[in-house]
Amino acid sequence: MKGICFFVSVCMIGLGIAGTTSAEHEFSEIRPIVLTDYSEFPHAWKSRNDHPAMQDLYTVEHDEHGPYLKAKIGPRPQRIFKKTSWDPFTHPIIAWKWRLRTMPTDGEKTVAVYVSLGTDIIGIPKIVKYLWSNTHPEGTELNEGFFRPHEVVVQSKTTPIGEWVTEYVDASEDYERFFSMEPDDDTYGIGFLVSPGIEIDLSPVVALPRE
């Protein structure tokens with residue numbers, strides 16, 4: 046996934062998406078679909094539980110590139126999710142940046158970006174989680190069983206600290222591979238889950254076309 050060259054819009058630079066990555070990228074006039082820029086946080090977001098409140102763990106900050114979500118997680122994590130719809134056939138690539146501040150080494154810790162391109166027959170989201178893991182090597186794929194999200198490790202180190210790292214994943218391709226079906230025409234949304242003790246910044250998330 047990282048070795049693919051994508052045609053994306055120069056407006057990604059203004060969103061703060063353009064940055065460090067192991068792939069080379071070309072830019073065109075194709076405009077990305079912004080899935081979240083955090084202007085609607087926390088009102089458009091849902092949390093799994095009421096405690097701790099999502100505003101106690103996640104805050105919107107700004108730098109020279111614009112807004113980003115700062116996660117500073119205490120002893121109890123909180124998953125947050127935003128329902129948002131886009132066309133996964135014209136814009137199958139999901140891109141974001143993350144900037145690690147602190148990653149504890151006492152046990153398995155992860156940062157997860159959730160992407161759901163559809164639901165099952167009773168309306169439960171089918172989810173692929175893209176992980177920054179301190180234990181599993183990059184490229185590891187995990188599944189804990191039926192009705193559980195599929196997981197793909199895209200970062201597997203506790204460095205660099207304080208540097209933006211860019212990710213590009215082909216969410217539609219992964220969805221088809223894991224669930225043996227195409228995404229729904231009406232996608233479900235995106236979300237985040239950060240393990241206790243981790244501090245990390247998350248840029249706006251966009252959907253892009255393939256080259």
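Using this note's numbering, read the sequence shown as starting at 46 and increasing by one per residue. For glycine and all other residues, C-beta sits at the position ideal for the given N, C-alpha and C.
C-alpha distance - residue i paired with residue j, whole-angstrom precision
i	j	result
T204	V210	10 Å
I245	L80	19 Å
E183	D95	33 Å
R144	I206	7 Å
G119	K174	21 Å
F86	R255	29 Å
Q200	V214	12 Å
P249	Y103	14 Å
E221	D229	11 Å
T135	V251	13 Å
Pair within 8 Å by beta-carbon distance, residue i and residue j
i	j	result
E208	L176	no
D82	P112	yes
S130	D219	no
K115	W90	no
Residues near residue i in its chain [Cβ-Cβ closer than 7 Å; skip 5 each side]
i	result
F224	K171
CB-CB length for residue i against residue j, believed under 8 Å
i	j	result
T155	S240	5 Å
I125	G236	6 Å
S178	V198	5 Å
A140	E227	With a Cβ gap of about 21 Å, A140 and E227 do not count as contacting.
Q123	P149	With a Cβ gap of about 17 Å, Q123 and P149 do not count as contacting.
A216	L162	6 Å
Close beta carbons around residue i, own chain, < 6 Å, minus the five adjacent residues each side
i	result
K117	E244
M99	P87, S92, Q123, I125
E153	T180
Residues near residue i in its chain [Cβ-Cβ closer than 8 Å; skip 5 each side]
i	result
R121	H96, P97, P241
D165	K171
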